[in-house]
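Contents: one structure, followed by commentary.
Protein chains in written order, with the working numbering: chain A, 3 to 205; chain B, 64 to 689; chain C, 60 to 169.
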């Protein structure tokens, strides 16, 4: 990213920066990735032949807090971008760190949540619920972790003054990725956690 | 390509940046699309030979009933790897070779949008291919078919199908990165004046292919992870005992698999669309129709996948819907055929080797397309599915259509890339031998299929009476092998010629890649051309005489070609070589081995990937001067 | 730096006049709305209503959150329309294809 500056717009055919086009194209493809995982979950919803089942395992208040944390991180992300655009790299780094911390909190919360589920008897192989739930949320968690690494990368590069210009362009790019991971969670939280799952055989 | 503006520079310092652009080691650090294209091509041809040997083994085993060349397990590995190799390690990379080399030249750019990402894609592909082949030595190659149907693929006790999942994940990452790269390149890096409808058809087909890949690869990525997790960590995605449904795998696979076949053929359609006009000395007939039909094929191609599942029990409503969509997709394909015929009609045809290959490709694609149409009709497909009729169909389209077009492209662009000519006489011999061998191999397989010969099976009993045509098919296969050998001889002999073309426009071509030197300098064009029309180069050479309407050479300097793009007057800053893409790519197979064998290795792979990506990120794309 | 509280409308005008960068205040407002919507969602999930009411409500609330983040935080509302076109291709494609798959699996039948 060392050369990901606000590029010479007049040199591209569309007038748009190539990196931003590439990022949106990539996020577009990620819709198909997460769509497949979510659809698999929905397909197998209510078909687990043995428990534990979602209604007896989920801790909605706990996960709600996690969701607030991730949403907040999107806000801090956009405030980081704002600071960068206003030429305040110090503030920018602060908001980026905040975003990273919130992201880590989210992932940490997930790890804790999974550990509890595991103790209650839900594993990857227990039933369809365990399989589809852990793989979907695991993929999401890995994406969040990668995002945290990118955020920390931005902070350190900014710290040694190696971001081009005001740093807003690379921050914007990482921001797009970060918000996307957030909107995937918006879907996951609603579809997997909040929408009730029937037990096999109805109800 | 802005460089770091800060005055306080803290170089990592530990490892110096490679700067050489010539020499053996420069190939490992190159970010030049032309060198990367050549590497893709050489590697693809190497895998083509390996896949060909696998094919010969198959044909030897099936030459006679109750064959003993391969036992069932060996046969399963060989036919699986033949499919995987030809599709993922030959056709796709060969297309990548053409796209990488030619697209920037055809659109008047100096390189692709993300040169280091381009290098990364190549290295990830090579290492993924090697990873796949290492399976032969580590417990057995994939043996569940290239389509990996569950639950066979999830429960097979040999390690091969885990290599399948991981290997294709690695090559999938390579292709996804490449797709984003080339897609943005076409959209964003065209020469001034080159609107989308002044862009060569080859480039258009390339654009459609990248979009197909970007949207289809994530689906198979998920499927492969599901397959891998079922095998490695006991998940239940396709586990019937836990309520899982193996049909889910088929959907995931074919949602990708069908767009994939258009990924395989559209590059060939692009090549054909460039060759036919040049050797008919006429513009492509119905350029806009060819472009729109390509887009239509890409779009509709996402709506036909379940025609691979007609016998899977989806029910009559689903089967009917997909039968209809499959019939519909024949229309834009047919449009292209008619446009190609229209191009040749009343043209001044020159039967050069590229032209022979292009015409042959069209004819054989039509045969394969027709058998495809018979597949679209569901009751007819019930008869044909899982028989050799299907094998005949797809070889006619992919080999007959695709591979012949690739050979045509090689003969056509060889002078551009290597500044040498492939022998015309030897080339014609190769073409005819390949054409005869190909039709002898796959023509009879239509008959074998309708006679009931089952595919994906290592032998057949004498009593079925299938021996004669199988033997004919095997003879044909060896003729193909001979023709490939002849091509290799032709290629090697060409390098014995001195480098340099007597005529830098040997075919009197139409598109702007022929406007620069052969081979092109690192920066492609001394001056980026200003584009005023489709077939820009042709229009610079010839104008229509006002009185007679015939083509006459243009006056030198008659048209005002101010080839001054916005970059004019600026020094040309080419992206600098880098080893980080190779380092990052190397992390992928290590991750793969880690999944199979050891958490420590997995960690090491992740570390290598991380270090590679981080080094890449902090390195400027153009090295600082001094 | 931020505009005074009383100048919220002015800052909105400022946004559109200057090529569409919402101010920090606006972003915070969106953030608060997102939090409120999430709280509503969670509350709704505890209510004793039929699934025919609950599910559309939850999906609707999630949809609004989705749009807010995409349009404002990801800036699609103010950016060149081509970015949105790319994104929608993947989103619509995914929704369509997977809906068809789920229908083929009879997930929506009683």
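C-beta atoms are modelled at their ideal positions from N, C-alpha and C, and glycine is treated no differently.
Does the Cβ-Cβ distance between residue i and residue j come in under 8 Å?
i, j, result
"residue 112 of chain B", "residue 124 of chain B", "no"
"residue 228 of chain B", "residue 291 of chain B", "yes"
"residue 185 of chain A", "residue 128 of chain C", "yes"
"residue 333 of chain B", "residue 264 of chain B", "yes"
"residue 235 of chain B", "residue 166 of chain B", "no"
"residue 474 of chain B", "residue 417 of chain B", "yes"
"residue 751 of chain B", "residue 376 of chain B", "As displayed, chain B neither begins before 64 nor continues past 689, which places residue 751 of chain B out of reach and without an answer."
"residue 508 of chain B", "residue 585 of chain B", "no"
"residue 193 of chain B", "residue 649 of chain B", "no"
Classify residue i as buried or exposed, calling it buried when 16 or more other Cβ atoms lie within 10 Å of its own Cβ.
i, result
"residue 433 of chain B", "exposed"
"residue 151 of chain C", "exposed"
"residue 628 of chain B", "Low confidence applies here, because residue 628 of chain B scores a pLDDT of 49, under 50, leaving its location unreliable and the question unanswered by this model."
"residue 139 of chain C", "exposed"
"residue 601 of chain B", "buried"
"residue 533 of chain B", "buried"
"residue 57 of chain A", "exposed"
"residue 562 of chain B", "exposed"
"residue 448 of chain B", "buried"
"residue 26 of chain B", "Past the boundaries of the shown model lies residue 26 of chain B; chain B is included only from 64 to 689, so the question cannot be answered."
"residue 408 of chain B", "exposed"
"residue 178 of chain B", "buried"
"residue 566 of chain B", "exposed"
"residue 169 of chain A", "buried"
Give me the Cα-Cα distance between residue i and residue j, rounded to the nearest whole angstrom.
i, j, result
"residue 86 of chain A", "residue 340 of chain B", "53 Å"
"residue 513 of chain B", "residue 126 of chain B", "18 Å"
"residue 167 of chain A", "residue 160 of chain A", "10 Å"
"residue 73 of chain A", "residue 156 of chain C", "28 Å"
"residue 114 of chain B", "residue 461 of chain B", "14 Å"
"residue 550 of chain B", "residue 481 of chain B", "16 Å"
"residue 410 of chain B", "residue 174 of chain B", "35 Å"
"residue 212 of chain B", "residue 546 of chain B", "34 Å"
"residue 515 of chain B", "residue 381 of chain B", "26 Å"
"residue 114 of chain A", "residue 139 of chain A", "13 Å"
"residue 60 of chain A", "residue 117 of chain A", "12 Å"
"residue 196 of chain B", "residue 187 of chain B", "14 Å"
"residue 232 of chain B", "residue 592 of chain B", "40 Å"
"residue 102 of chain C", "residue 287 of chain B", "38 Å"
"residue 230 of chain B", "residue 237 of chain B", "11 Å"
"residue 328 of chain B", "residue 266 of chain B", "14 Å"
"residue 338 of chain B", "residue 353 of chain B", "14 Å"
"residue 89 of chain C", "residue 78 of chain A", "12 Å"
"residue 669 of chain B", "residue 157 of chain A", "21 Å"
"residue 571 of chain B", "residue 253 of chain B", "23 Å"
"residue 608 of chain B", "residue 614 of chain B", "6 Å"
Pick from the options: whose alpha carbon is nearest that of residue i?
i, options, result
"residue 372 of chain B", "B:468, B:463 and B:210", "B:210"
"residue 281 of chain B", "A:17, A:13 and A:29", "A:29"
"residue 298 of chain B", "B:347, B:273 and B:218", "B:218"
"residue 465 of chain B", "B:524, B:324 and B:392", "B:324"
"residue 150 of chain B", "B:178, B:107 and B:536", "B:107"
"residue 684 of chain B", "B:651, B:643 and B:306", "B:643"
"residue 445 of chain B", "B:582, B:374 and B:161", "B:374"
"residue 43 of chain B", "B:496, B:179, B:559 and B:422", "Beyond the ends of chain B as shown, which are 64 and 689, falls residue 43 of chain B; an answer cannot be given."
"residue 190 of chain A", "A:44, A:19, A:170 and A:24", "A:44"
"residue 528 of chain B", "B:139, B:129 and B:317", "B:129"
"residue 180 of chain B", "B:240, B:486, B:542 and B:637", "B:240"
At a CB distance below 9 Å, what residues from the region 312-335 of chain B approach chain A? Give them in sequence order.
315 and 318
Near-chain A residues of the region 122-153 of chain C (beta-carbon distance less than 7 Å), N- to C-terminal order
124, 125, 128, 129, 132, 133, 139, 141, 142, 145, 146, 148, 149, 150, 152 and 153
Residues of the region 358-390 of chain B with a CB closer than 8 Å to any CB of chain C: list them in chain order, please.
365, 369, 377 and 381
Members of the region 271-292 of chain B near chain C, C-beta cut-off 7 Å:
278
Taking only beta carbons into account, state which residues of the region 130-158 of chain A come closer than 7 Å to chain B, listed in chain order.
130, 133, 137 and 155
Within 9 Å of chain B by C-beta, residues of the region 43-57 of chain A in sequence order:
45, 46, 49, 50, 51 and 52
Closer than 8 Å between beta carbons: that is the criterion. Which residues of the region 81-92 of chain C meet it against chain F?
Among the protein chains in the structure shown, which are A, B and C, there is no chain F.
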